[in-house]
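Presented below is the structure to which this report refers.
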Amino acid sequence: MKSSRINLSRSTSQRTDMCGELRAADAGRTVTVCGWVYRRREHSEHLAFVDVRDHTGIVQCVVDGARELRGEYVVRISGTVAMRPAENVNDKLATGDIEIHDCAVEVLSAAETPPFTIDERTDHVDENVRLRYRYLDLRRDRMQRNLRIRAAVNSAIRSAMERQGFVEVETPMLMPSTPEGAREFLVPSRKEPGSFYALPQSPQLFKQLLMVGGFDRYFQIARCLRDEDLRADRQYEFMQLDAEMSFVDQDDVLEAISEAVLDAAQVTVGERPDVIPRMTWHDAMDRFGVDKPDLRFGMELVELTPIFAATSFKAFAGAAAIKAIRHAGASATTSRNQLDALTDRAKKIGAKGLVWMRVGEDRVLDSPIAKFLSDDEKAAIVAATEAETGDVLYLVADDWAMTCEVLGTLRNDLGRPPVHQGPYRYVWIVDFPMFVGVDAVTGTPKPAHHPFTRPHPDDIDRLESDPMSVRSRAYDLVLNGWELGSGSIRIHEPELQQRIFNLLGIGPDEAMKRFGFFLTPFRYGAPPHGGFAFGIDRLVAILAGEENIREVIAFPKTQSGSDPMTNSPTPVDPKQMAELGLRTIPRG
RNA sequence: GGUCCCGUAGUGCAGUUUGGAGUGCACGCCGCCCUGUCAAGGCGGAGGCCGCGGGUUCAAAUCCCGUCGGGACCGCCA
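Going by our numbering, the first sequence opens with residue 16, and the numbers climb by one from there.
Here you go:
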């Protein structure tokens, strides 16, 4: 991240040097620096130290009288670089060997007292205040650093994609509304009152049409918008690396995207694994209970089902899946109240119950249900979970999906470090199921990804006979338990596409009505293709060591979708509304 | 749509459990002193609708109800 010395043009600025770049080698030079007054240390009428800051750092200026200077004044200071006396060298400062003497100070801009100091060491500021004065917050080290990391990530991604032969194409921000998926932001049409554009949730449709259009390898660092509730990892608008490739299989896509992600990691955190490992969706669920496993810690789900094949304990008898997680050494620190709370949490998710077991001396299991289990069963639990004295075990017996989900949630609750803490553990999750659950109204299967996702070639024959067992060519990229993004190999044959639509209860006529502008092009020769999109904000946040993407976005929205600085959203002039043929109705 | 946490000086907090005068801390700010500091130091000072509205009470920052703002999460995000 260390930038090389910046070239300053004398023709556009009188500035000769950046504050943070002056060194002992510059001693004796007459220099002019520009920046903000960071701190003043006034010793008398005739001696004051003024630290001047620009984005490269700070430099100490020795000034004869600084009474008229205040914090955050913008100044231009000319003087002579001088070595500091040995006893006054400041090791904490990159420029600490030198200072500027004989300073001529010019105030370029006065400043009101800022609501918080720019020095992050002294002021911890509420985020709402930071956002209201974001332009001041941006002066601080954290945002300077994070936005520069972000720029480095964008640059690395763009280079990696171009190096691999991808062509950058911009797709429209104004597009037709497609009611599937996330809620859209709508833009009213002035020329056709009552009609609306939608802002893109993703360039999905257009990028596939670029494949039909023969572009072969497309990418875009694309702004996407979704009108869904905000979170630490979700904003209304966010940036994605969006890519699509023709005449490729899944391996090609995964490798191309891995290049971009790992290059970005290399230039920011200097850590670049050779390859991102893969895990099937089924393995992820079976071992970690989630489809975005955090591989930084163990606590894997342990299979116990066979142990209870002939159990007399009614709650376990006949359960399709019995699994456990082991919370090592937690017995002494886990209160009965906490155990009860975890049981409530399990029930909230949908489990019938949660069984906890404290592992006592000689690995004797202490549990409300211990008396219902045989000695063999108890011994088998200890052996399978590798339980040690002082551990707590949590067991769930339910159908496979519920057992996995509950224990996966508890595993994250109990063991997961904050997302931004290293190491960086990437994993591709592959072989997602084609469908997940059935629509409550129509009874048809619901697509797990989107309806243009290609079924797994080995499963395609079972589409009609056993759709819920069909895997897809969909894949996710996961880093430290955060979903960075997802993609798939697409369906390029109209016939196969209609087979999928039929399963979803969408007949040919309805398909044309809803997706016509997208389906028609595929009749004119669509290449086999697939692609991916991943969230740059999330990647940057993790690489920058942040747990909230607002910290890597220059001007983010709050959780309620507002901007404390600009006060958006705002009502608009009634004339504007009338021109668009709009009027508001009171909320009932 | 839901659950939980927070809101007190410019900023960050304590005070709220158990009601008793806006009670306090740190930083910042203003003034004075100070010729080697570097998150300078010393002395002095200013600064408060305790988010807002209602209620209970002799009395509310404190208890109750509502509301607004911020945050975490669930739902949602094909």
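Even for Gly, the Cβ is constructed at its ideal location relative to N, Cα and C.
Note on the segment 220-287: whole beta strand (DSSP E) runs with a minimum of 3 residues are 232-240, 252-261, in chain order. Boundaries of the beta strand (DSSP E) harbouring Leu410: 407-413, taken from the DSSP string.
Taking a cut-off of 8 Å on C-beta distances, the segment 421-439 touches the segment 557-575, as three or more cross pairs fall below it. Contact between Gly430 and Ala347 is absent: CB atoms are separated by about 17 Å, not below the 8 Å threshold. Collapsing the DSSP output to three states places Phe181 in coil.
Note on Asp355: under 16 other CB atoms within 10 angstroms of its CB, so exposed under the neighbour-count rule. From the listed residues Arg82, Ala39, Gly43, Ala42, the smallest Cα separation to Val52 is found for Arg82. Counting every other CB atom within 10 Å of its CB across the protein chains shown gives Gln574 a total below 16, marking it as exposed. Contact between Asp309 and Asn143 does not hold, since the beta-carbon distance rounds to 30 Å and is not under 8 Å.
For the options Lys363, Ser503, Leu380, Lys393, the alpha carbon positioned closest to that of Val421 is the one of Lys363.
In this structure, the CA atom of Gly80 is about 19 Å from the CA atom of Arg68. Using a C-beta cut-off of 8 Å, the segment 171-182 makes no contact with the segment 148-157, since fewer than three inter-stretch Cβ pairs fall below that distance.
Shown here for Asp298: not one same chain residue has a beta carbon closer than 6 Å to its own, the five before and five after excluded. The beta-carbon separation of Gly365 and Met417, rounded to 6 Å, stays under the 8 Å limit for a contact. Apart from sequence neighbours up to five positions away, the residues of its chain that approach Pro130 with a beta-carbon distance below 7 Å are Val144, Tyr148, ordered along the chain.
As a beta-bridge residue in DSSP terms, Ser59 pairs with Leu62. DSSP places His464 in the coil class of the three-state scheme, outside both helix and strand. A residue is called buried when at least 16 other Cβ atoms come within 10 angstroms of its Cβ; His507 meets this threshold and is buried. In summary, Phe570 is exposed, with fewer than 16 beta-carbon neighbours lying within 10 Å of its beta-carbon over all protein chains present. Following the DSSP letters along the chain, one finds Val78 in no alpha helix (DSSP H) but inside the beta strand (DSSP E) bounded by residues 72-78.
The DSSP assignment places complete alpha helix (DSSP H) segments of no fewer than 4 residues inside the segment 303-382 at 351-364, in order along the chain. Distance from Ala258 to Ile236 at the Cβ level is roughly 10 Å; contact not present, criterion being Cβ atoms closer than 8 Å. Restricting attention to Asp248, Val140, Thr47, the CA atom closest to the CA of Ile115 is found in Thr47. In this structure, Pro448 is the residue among Ala455, Pro448, Ala402 with its C-alpha nearest to the C-alpha of Ala463. If you keep only unbroken alpha helix (DSSP H) runs of at least 4 residues inside the segment 540-582, you get 551-558. When only Cα atoms are considered, Glu270 and Asn563 end up about 28 Å apart. Per DSSP, reduced to three states, the secondary structure at Phe131 is coil, with no helix or strand assignment.
For Arg91, there is no enclosing alpha helix (DSSP H); the residue is found in the beta strand (DSSP E) stretching over 89-98.
Residue nearest to Glu135 within the set Arg54, Asp413, Ser59, Lys206 is Arg54 (criterion: CA-CA distance). Closest in alpha carbon position to Val202, among Pro191, Asp524, Asp391, is Pro191. Per DSSP, the unbroken alpha helix (DSSP H) holding Tyr150 starts and ends at 149-152. The C-alpha of Val587 lies about 22 Å from the C-alpha of Arg241.
Ser501 is the residue among Ser501, Val120, Leu554, Met33 whose C-alpha sits nearest the C-alpha of Trp296. When DSSP reads this structure, Arg505 sits in a beta bridge with Thr468.
By DSSP's assignment, Tyr212 forms a beta bridge with Val202. In this structure, Val168 lies away from Val567, with their beta-carbon atoms at least 7 Å apart.
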